[in-house]
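Heads up, the thing below is written out as structure tokens.
And the structure:
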């Protein structure tokens with residue numbers, strides 16, 4: 366019997382996109398269920414009662430939550446087109462950088478988006494410092510794992526979409542090709558992959574959404 370796969374997501378979630386990319390890179394068929402997080406469906410609340418958010422992967426009725434956990438599950442369940450290296454040390458490094466991206470880089474970039482004045486001025490160098498670590502780790506490779514997209518690339522993939530959007534909304538340049546040549550090249554290489562390119566949300570809709578997030582956060586309380 367074929368696997369029954371469902372992905373609960375929103376149209377704009379960069380974390381849900383990780384799951385879409387991984388499933389498509391492995392050639393897996395799935396059903397997409399779009400959620401409105403202002404009116405969460407009973408099914409989403411049933412499948413993810415702890416965090417009540419997307420993404421959620423449901424495999425043959427069994428739910429898995431949190432995007433990096435889901436990526437690990439996909440990798441362990443379907444062995445074709447592996448996303449993690451075979452070497453244990455390289456696998457550990459991929460997991461380390463994915464964790465760094467979620468726990469350090471993401472927050473520092475969001476701080477640039479959701480602050481202003483002095484707070485924003487202090488947030489920008491923190492974001493650039495974290496981006497510098499990524500720049501150094503690329504080491505001139507096309508992707509983190511070498512010639513093809515892997516686990517770390519998927520974890521970092523949101524930056525190829527969100528960084529230009531944040532720059533557009535805030536007017537602050539985070540990625541300069543002269544200072545971050547490897548990341549700049551990686552972003553282009555990543556976006557050129559058909560599976561990646563086909564799944565980006567509308568640029569104009571994302572600008573509107575991110576602008577709205579910033580305005581709501583900065584509005585007087």
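Numbering (the numbering used here), first residue to last: 366 to 586. Heads up, the beta-carbon is just placed ideally off N, CA and C, and yes, glycines get one too.
- DSSP places residue 441 in no beta strand (DSSP E) but in the uninterrupted alpha helix (DSSP H) bounded by 432-442.
- Residue range 523-535 is occupied by the alpha helix (DSSP H) that includes residue 535.
- In the three-state reduction of the DSSP assignment, residue 419 falls in the coil class.
- Residue ranges of uninterrupted beta strand (DSSP E) with 3 or more members, entirely inside the segment 425-510 and ordered along the chain, are 427-430.
- From the listed residues 397, 516, 533, the smallest Cα separation to residue 462 is found for 516.
- By the neighbour-count definition (other C-beta atoms within 10 Å, threshold 16), residue 386 is a buried residue.
- Ranking 426, 398, 403 by CA distance to the CA of residue 420 puts 398 first.
- When C-alpha distances from residue 416 are compared across 427, 431, 569, 378, the shortest belongs to 431.
- A distance of 9 Å or more separates the beta carbons of residue 514 and residue 439.
- In summary, residue 563 is exposed, with fewer than 16 beta-carbon neighbours lying within 10 Å of its beta-carbon over all protein chains present.
- DSSP places residue 396 outside any alpha helix (DSSP H); the residue lies instead in the beta strand (DSSP E), whose first and last residues are 396-399.
- For residue 373, DSSP records a beta bridge to 398, 421.
- The residues 445, 446, in chain order, have a CB closer than 8 Å to that of residue 392 in the same chain once the five nearest residues on each side in sequence are set aside.
- Note on geometry: alpha-carbon atoms of residue 545 and residue 497 lie some 7 Å from one another.
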